[in-house]
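Take a look at the structure below.
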Amino acid sequence: MKRFLRILIIVTLLISTLGVSTFAAELLDLQEQQTQVQANQDMATSQLQAVQEELTENLQQIQELNTNITQYETEINDYNTQIVTLQDDITKTEEELKKAEDNYNSQKKLLDDRLITMYQAGTTEYLDVVLSSKTITEFLSNYYLLSILADSNVDFLDTIEEQKQIIEDEKKKLEEQKKQIDTAKEEKEKASIILQNTKVMKDTYTSQLTDQEKQIQSEIDAYQAQLNQLEAEIQEITADSIIINPNYIGGEMLWPVPGYTKLSSTFKMRVHPITGVYKLHSGIDIPAPTGTNFLAANDGVVVKAGYNTAYGNMVMIDHGGGVSTLYAHGDKIMVTLGQTVKKGEVVLQIGETGYATGPHAHFEVRINGTPVDPLPYVTNQNGVN
Numbered sequence: 008m009k010r011f012l013r014i015l016i017i018v019t020l021l022i023s024t025l026g027v028s029t030f031a032a033e034l035l036d037l038q039e040q041q042t043q044v045q046a047n048q049d050m051a052t053s054q055l056q057a058v059q060e061e062l063t064e065n066l067q068q069i070q071e072l073n074t075n076i077t078q079y080e081t082e083i084n085d086y087n088t089q090i091v092t093l094q095d096d097i098t099k100t101e102e103e104l105k106k107a108e109d110n111y112n113s114q115k116k117l118l119d120d121r122l123i124t125m126y127q128a129g130t131t132e133y134l135d136v137v138l139s140s141k142t143i144t145e146f147l148s149n150y151y152l153l154s155i156l157a158d159s160n161v162d163f164l165d166t167i168e169e170q171k172q173i174i175e176d177e178k179k180k181l182e183e184q185k186k187q188i189d190t191a192k193e194e195k196e197k198a199s200i201i202l203q204n205t206k207v208m209k210d211t212y213t214s215q216l217t218d219q220e221k222q223i224q225s226e227i228d229a230y231q232a233q234l235n236q237l238e239a240e241i242q243e244i245t246a247d248s249i250i251i252n253p254n255y256i257g258g259e260m261l262w263p264v265p266g267y268t269k270l271s272s273t274f275k276m277r278v279h280p281i282t283g284v285y286k287l288h289s290g291i292d293i294p295a296p297t298g299t300n301f302l303a304a305n306d307g308v309v310v311k312a313g314y315n316t317a318y319g320n321m322v323m324i325d326h327g328g329g330v331s332t333l334y335a336h337g338d339k340i341m342v343t344l345g346q347t348v349k350k351g352e353v354v355l356q357i358g359e360t361g362y363a364t365g366p367h368a369h370f371e372v373r374i375n376g377t378p379v380d381p382l383p384y385v386t387n388q389n390g391v392n
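Counting in this note's numbering, the sequence shown runs from 8 upward without gaps.
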C-alpha cells in the first residue's frame with residue numbers, strides 16, 4: 008500500500024512537472040512573440056511620431072509655399088492688368104500715330120500745292136502785284152499781304168516738321184510699349200511656371216508625408232491586433248497553468264539588488280527614452296554597475312532565459328499561482344530554462360542590453376501575465392516596501 012502511494016505521488020509530481028514545463032514553454036514562446044510585436048509596434052509608433060513631428064516642423068515651410076503661391080498669383084494678376092493697360096496704350100498710340108500721319112500728309116499736300124502754284128506763277132507775278140499798285144496805301148497793303156503769304160508758308164513748313172517729329176515720337180513710344188508688353192508676358196510666363204512647380208512641390212510633399220503617416224498607422228493597428236490575440240492566448244495558458252500549479256510559493260519577495268535602493272524609474276506611464284513612445288513602464292529600474300548580482304525575488308522555476316529585443320538578456324521566473332517575476336537588461340544570464348531557483352539566487356548580472364540607456368536592473372512582477380507595481384510585493388534592504 009505504501010509502495011502504491013509512493014508510486015502515485017511520483018506519477019502525480021511527474022505529470023505536474025511535465026504540465027508546468029509544457030505550459031512554461033508555450034508561455035515563453037507567446038511572451039517572446041508578444042515582446043517582439045510590442046517592440047515592432049513601439050518602433051512603428053516612434054516612426055509615426057517622427058513623421059508627425061516632421062509634418063509639424065515643416066508646417067512653416069508649407070505655409071511659406073502657400074505664401075509664395077499667393078505672391079505668384081498676385082504677380083500674375085498684376086502682369087495681366089499691366090498687359091491690358093499696355094494694350095490699351097498701344098491702341099491709343101497707334102491712333103495718335105495715324106492721326107499725326109494723316110495731319111502730316113494733309114499739310115504736306117497743301118504745301119506741295121502752294122509750291123507748285125508759286126512755281127507756275129513765277130516770282131514776277133508777285134512783283135507785278137506790288138508794282139501795279141496805284142497808291143502808296145495800295146502798295147503797302149499788297150506788300151503786307153505778300154509778307155503774310157510768305158510767313159504762312161514758313162509756318163506751314165514748321166508745322167510739317169513738328170508733325171514729322173510727333174510721328175517719330177509716337178513710333179518710339181509705340182516700340183517701347185511693345186517691348187514692355189513683351190517683357191510683361193515673359194515675366195508672367197516665368198511666374199506661371201514657378202507657381203505650377205510650387206504647387207506640385209507642396210502637393211507632393213504633403214501627400215508623401217500623409218501617405219506615410221497612414222501606412223505607419225495601419226502597421227500600428229495590425230501590431231495591436233496581434234498583441235490582443237497574443238494577450239488572449241497568454242491569459243488562457245496562464246489560467247491553465249494555475250490549475251496545474253495553483254498555489255503561490257508564498258512568502259515576501261526579496262529586494263532583487265541588495266545595496267542599491269535608488270530607483271531611476273517607477274511603475275508608471277512615461278515617454279520611453281529609446282523609442283520616444285508614451286506608454287506604461289511595466290516595472291521598476293534600479294541603477295547599479297555592470298556585473299552587479301540580480302537576485303531571484305522568490306523560489307520558483309525559470310520559464311524564460313534568453314535574449315529579447317527590448318528587454319535584452321532576461322529571465323522570467325514562475326512562482327506558482329499565476330505570480331511571476333521578470334529580470335531584464337542583464338549583461339550575463341546565470342540560469343537556464345526549466346531550472347529551479349531559490350530566493351536570493353543570482354539569475355542575472357546587471358548590464359545594459361536591449362532598450363537601455365545605462366546599466367540597471369529592470370524588475371517586474373506579473374499576476375496572471377499582467378504587469379503590476381512591484382513595490383508592494385518586495386521589501387528593500389532598508390525595510391521599505
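All C-beta atoms in this analysis are idealised placements derived from N, C-alpha and C, irrespective of residue type, glycine included. Predicted, not measured: the structure shown is a model, and the values here were computed from it.
| Asked | Found |
| --- | --- |
| Whole-Å CB distance - residue 365 paired with residue 294, under 8 Å assumed | 7 Å |
| Burial state of residue 52 (16 or more Cβ within 10 Å) | buried |
| Meets three-Cβ-pair contact criterion under 8 Å: the segment 39-53 and the segment 199-211 | no |
| C-beta contact flag for residue 318 and residue 351 at 8 Å | no |
| Closest by C-alpha distance to residue 385, when choosing among 259, 272, 291 and 344 | 259 |
| Length of the line joining the Cα atoms of residue 214 and residue 225 | 16 Å |
| Whole-number beta carbon distance between residue 381 and residue 2, since they are thought to touch under 8 Å | In this structure the chain extends from 8 to 392, so residue 2 is not present and cannot be described. |
| Local conformation of residue 207 per DSSP, three classes | helix |
| Sheet register partners of residue 302 (DSSP bridge) | 353 |
| Whole-number beta carbon distance between residue 283 and residue 48, since they are thought to touch under 8 Å | The Cβ separation is near 13 Å, so there is no contact. |
| Residue 84 classed as buried or exposed, judged by whether at least 16 other C-beta atoms fall within 10 angstroms | exposed |
| Per-residue DSSP class, three states only, for residue 229 | helix |
| Delimiting residues of the beta strand (DSSP E) encompassing residue 297 | Counting along the chain, residue 297 falls outside any beta strand (DSSP E), and DSSP gives it neither H nor E. |
| Beta-carbon proximity of residue 298 to residue 338, cut-off 8 Å | yes |
| Extent of the continuous beta strand (DSSP E) to which residue 317 belongs | Run containing residue 317: none; DSSP gives neither H nor E here. |
| Selection from 100, 267 and 311 that minimises the alpha carbon distance to residue 174 | 100 |
| Span separating the alpha-carbon of residue 54 from that of residue 231 | 16 Å |
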